[in-house]
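>
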Amino acid sequence: MKKRNALLQSTLAIFSITLLCLLFQNCHAGYINSVSNLESNLGSAAPSSPNQNLGSCVLNGQTYNPGQKVSGYLNYSVVAPALCGTVVTRTCLNSGAFDGSVPLFANCTVLSSQSNAVDALPPGQWLEIPDSELYKVFPKPEAPGYASAVIAAWSGGAYDTKRDRMIIWGGGHSDYAGNEIYSFDLNALKWSRLTDPSLLDGSLNRFDSGYYTDGLPVARHTYNYLQYLPDPIDRFCSFGGAGLWKDGQYGTAHVDCFNFDKNMWETQKFPDTPSLSIGSNTAYDPVTKSLWQHGGYGDIGLSKLDLTTSKWTQMWGQFSGAGNTLGYKRTSDIDPDQRQMVSVGEGKVLTWDLNKTGMNYATELTTTGPQNVVNHDSPGFVYVDDIKAFVGWAGGLLYRFDLVSKTWIQMPLSPYSVVLPPTDPVGWGTFGRLRYSPKKKALVLVLAHDRKVLVYKVK
Numbered sequence: 047m048k049k050r051n052a053l054l055q056s057t058l059a060i061f062s063i064t065l066l067c068l069l070f071q072n073c074h075a076g077y078i079n080s081v082s083n084l085e086s087n088l089g090s091a092a093p094s095s096p097n098q099n100l101g102s103c104v105l106n107g108q109t110y111n112p113g114q115k116v117s118g119y120l121n122y123s124v125v126a127p128a129l130c131g132t133v134v135t136r137t138c139l140n141s142g143a144f145d146g147s148v149p150l151f152a153n154c155t156v157l158s159s160q161s162n163a164v165d166a167l168p169p170g171q172w173l174e175i176p177d178s179e180l181y182k183v184f185p186k187p188e189a190p191g192y193a194s195a196v197i198a199a200w201s202g203g204a205y206d207t208k209r210d211r212m213i214i215w216g217g218g219h220s221d222y223a224g225n226e227i228y229s230f231d232l233n234a235l236k237w238s239r240l241t242d243p244s245l246l247d248g249s250l251n252r253f254d255s256g257y258y259t260d261g262l263p264v265a266r267h268t269y270n271y272l273q274y275l276p277d278p279i280d281r282f283c284s285f286g287g288a289g290l291w292k293d294g295q296y297g298t299a300h301v302d303c304f305n306f307d308k309n310m311w312e313t314q315k316f317p318d319t320p321s322l323s324i325g326s327n328t329a330y331d332p333v334t335k336s337l338w339q340h341g342g343y344g345d346i347g348l349s350k351l352d353l354t355t356s357k358w359t360q361m362w363g364q365f366s367g368a369g370n371t372l373g374y375k376r377t378s379d380i381d382p383d384q385r386q387m388v389s390v391g392e393g394k395v396l397t398w399d400l401n402k403t404g405m406n407y408a409t410e411l412t413t414t415g416p417q418n419v420v421n422h423d424s425p426g427f428v429y430v431d432d433i434k435a436f437v438g439w440a441g442g443l444l445y446r447f448d449l450v451s452k453t454w455i456q457m458p459l460s461p462y463s464v465v466l467p468p469t470d471p472v473g474w475g476t477f478g479r480l481r482y483s484p485k486k487k488a489l490v491l492v493l494a495h496d497r498k499v500l501v502y503k504v505k
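The sequence shown stops at residue 505 when you use the working numbering, and every number in between is there.
1) Determine the closest residue to GLY287 out of LYS452, SER378 and THR298, with distance taken between C-alpha atoms.
2) Counting pairs of beta carbons, one from the region 413 to 425 and one from the region 461 to 469, are three or more of them closer than 8 Å?
3) Does the Cβ of GLY404 lie closer than 7 Å to at least one heavy atom of the ligand FMN?
4) Do you know how far the Cα of PRO187 is from the Cα of LEU400?
5) What are the partner residues of GLN456, as DSSP defines its beta bridges?
6) Whose C-alpha, out of ASP280, VAL450 and GLY426, is nearest the C-alpha of TRP474?
7) For the putative contact between VAL501 and ALA488, defined by C-beta atoms under 8 Å, what is the C-beta separation to the nearest angstrom?
8) Can you name the start and end residues of the beta strand (DSSP E) that ALA299 belongs to?
9) Output the boundary residues of the alpha helix (DSSP H) element that contains VAL196.
10) Let me check understanding here. Comparing Cα to Cα, which of ILE214, ALA199, LEU480 and LEU235 lies closest to SER378?
11) CB LEU290 to CB GLY218, shorter than 8 Å?
12) How long is the line joining the alpha carbons of GLY146 and LYS452, rounded to whole angstroms?
13) Per DSSP, what are the beta-bridge partners of TYR482 in this structure?
14) Beta carbon of TYR29, beta carbon of SER326: below 8 Å?
15) Assign GLN295 to buried or exposed, taking buried as 16 or more other Cβ atoms, counted over all protein chains shown, within 10 Å of its Cβ.
16) Go to VAL388, then tell me how far its beta strand (DSSP E) extends in each direction, as first and last residue.
17) Taking 8 Å as the cut-off, does the region 272 to 279 touch the region 177 to 194 (at least 3 CB pairs, one atom from each stretch)?
18) According to DSSP, simplified to helix, strand and coil, what is TYR181?
19) Does the region 227 to 239 come into contact with the region 329 to 347, if we say contact requires no fewer than three beta-carbon pairs (one atom in each stretch) closer than 8 Å?
20) Would you give the residue range spanned by the beta strand (DSSP E) that VAL499 belongs to?
21) Would you give the residue range spanned by the beta strand (DSSP E) that ALA204 belongs to?
22) Is it buried or exposed, VAL464, if we count other Cβ atoms within 10 angstroms and call 16 or more buried?
23) Measuring alpha carbon to alpha carbon, tell me which residue in ASP242, TRP362 and HIS267 is nearest ASN309.
24) Measuring only the C-alpha atoms, how far is VAL183 from MET405?
25) Using the beta-carbon count (16 or more within 10 Å), is ALA234 buried or exposed?
26) With a 10 Å radius around its C-beta and 16 neighbouring C-beta atoms as the bar for buried, classify PRO317 as buried or exposed.
27) How many Å lie between TYR343 and SER244 at the Cα?
28) With distances taken between CB atoms, is the gap from ILE197 to GLY170 smaller than 8 Å?
29) Go through the region 240 to 296 residue by residue and report every complete run of the alpha helix (DSSP H) that reaches 4 residues or more, in order.
30) Quick one: give me the first and last residue of the beta strand (DSSP E) that ALA435 is part of.
31) In or out: LYS357 buried (at least 16 other Cβ within 10 Å) or exposed?
32) Checking the sheet assignment: what are the DSSP bridge partners for THR354?
33) For SER255, does the count of other Cβ atoms within 10 angstroms reach 16, so buried, or fall short, so exposed?
34) Return the CA-CA distance between HIS300 and ILE324, expressed in angstroms with no decimal places.
35) So, using beta-carbon positions, are LYS292 and ALA193 closer together than 8 Å?
Here is the structure:
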């Protein structure tokens, strides 16, 4: 009876703490996945510093010290009531691969006051961020067209690794005239609109120059033109663009970059791109501090921009190597160790050797394993340095692509993951809206204007 009462009191305490935390503006309530076999709390000693052990856990009548392996269910996160105002979180997290052979363990740690639900998320689990629909920060009134097209109209994103946030910019054609920039902060777990849309005159003329009358870049389909360039440049850039507002029949080769510190555009920050085509693919190379771009539909060109000298090097001959035409339904990234740029989608995997000089055309790979990502249009595809592999998504499960073995392998999925991504991507593809946060060791996925942001913790 005493044991049953202790279990009841412990369970009620956890839910009471969670409820109390919801009443505080700065308190993050934990995500409780299972407390079915928990018999005692984590210990009464107040934590004094991050990552301090909080004492033993009792499960099925047996006491386990921090770090000991435990069989059963023990996977939850609660906020200590005395420390709720400082957002210090007590957690018991899973350990090891989620292959059914590694038991859970009661390693109880304290997260710092800067931590949030992403920090507490165990590896192999998805998290749906509450209240994270993009439309909630749309301008009022919206610019001509419909603001949902900043994602829906063949548009992508980039990841600001310095500030830990996803950047979204798009629209164009006859879909949306707004050229405002959005960011999702992975620390604050919320969207912000960094700029307001340009004010257009009543005629709604097309803007073939690539700029509105106020001098700011015209809304466009951004496909995979977008990249964040880290320090010392620290800019979000669009390397050209297609489907300019309003009739979509014009594109631009201009390279326009956004300065976050000054909250302003810097037009034509770098020389125009050599490729003027629909759906170019871009990728940043951290080894050479260069930006690589391959033209899209109707363009076979691979080019390299030296960000130090601001000089483009064209690595192709016009009207030669026509088999390397990409189309506009692919996504690319770079393996910095293997020195390969890889492009995926429309049933093919193409690679370019970045050590090669002179003419540089693609090699088509035959890959093994599930082909979900390969066969989809404009899948999510990003290199994750922490696991030395690419990760792709085209709906449902994530897949890791090992370039050396040319194999696609399913990413671990925890049985405790109560959230799963949809089986099909929204709209015309994911483009650059699957990105990796090195600080959080998490993948960030933005689906649509009316969908919550999803986060997957990488092991």
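From the three backbone atoms N, C-alpha and C, an ideal C-beta is built for every residue, glycine too.
With the structure as the only source:
1) Distance check between GLY287 and each of LYS452, SER378 and THR298 places THR298 closest, using alpha-carbon atoms only.
2) No, because fewer than three Cβ pairs between the region 413 to 425 and the region 461 to 469 fall closer than 8 Å, the two stretches do not touch.
3) Looking at this structure, you won't find the ligand FMN or any other ligand, since it has none at all.
4) In a straight line, the C-alpha of LEU400 is about 46 Å away from that of PRO187.
5) TYR445, per the DSSP bridge assignment.
6) When only C-alpha atoms are compared, the closest one is GLY426.
7) Correct: roughly 5 Å between the Cβ atoms.
8) Run containing ALA299: 298 to 305, per the beta strand (DSSP E) assignment.
9) Going by DSSP, VAL196 is part of the alpha helix (DSSP H) stretching over 195 to 198.
10) Out of ILE214, ALA199, LEU480 and LEU235, LEU480 has the C-alpha closest to the C-alpha of SER378.
11) Annotated as proximal: LEU290 and GLY218, with beta-carbon spacing under 8 Å.
12) Confidence at GLY146 is low in this model, with a pLDDT of 28, below 50, so its placement is unreliable and no value can be given for it.
13) In the DSSP assignment, TYR482 forms a beta bridge with LEU489.
14) Residue 29 lies beyond the stretch modelled for the chain, which goes from 47 to 505, so this question has no answer here.
15) With fewer than 16 other Cβ atoms within 10 Å, it is exposed.
16) Where VAL388 is concerned, the enclosing beta strand (DSSP E) stretches over 386 to 391.
17) Counting Cβ pairs under 8 Å, fewer than three are found: no touch.
18) Helix at TYR181.
19) No: the two stretches stay apart, fewer than three of their Cβ pairs being nearer than 8 Å.
20) Per DSSP, VAL499 belongs to no beta strand (DSSP E) and is neither H nor E.
21) For ALA204, the enclosing beta strand (DSSP E) starts and ends at 203 to 206.
22) Taking a 10 Å sphere around the C-beta of VAL464, we find fewer than 16 other C-beta atoms and assign the residue as exposed.
23) Distances from the alpha-carbon of ASN309 to those of ASP242, TRP362 and HIS267 put ASP242 closest.
24) Their backbone Cα atoms lie some 46 Å apart in a straight line.
25) Here ALA234 is exposed: its Cβ has fewer than 16 other Cβ atoms, across all protein chains shown, within 10 Å.
26) Label assigned to PRO317: exposed.
27) Straight-line spacing of the CA atoms in TYR343 and SER244 works out to 29 Å.
28) ILE197 places its beta carbon 8 Å or farther from that of GLY170.
29) Complete alpha helix (DSSP H) runs here, min 4: none at all.
30) First-last of the beta strand (DSSP E) with ALA435: 435 to 439.
31) By the neighbour-count rule (16 or more Cβ atoms within 10 Å), LYS357 is not buried but exposed.
32) According to the DSSP secondary-structure assignment, THR354 is paired through a beta bridge with no residue.
33) Classification of SER255: exposed, given that the 10 Å Cβ count is below 16.
34) Approximately 14 Å between the Cα atoms of the pair.
35) Result no, Cβ atoms of LYS292 and ALA193 do not sit closer than 8 Å.
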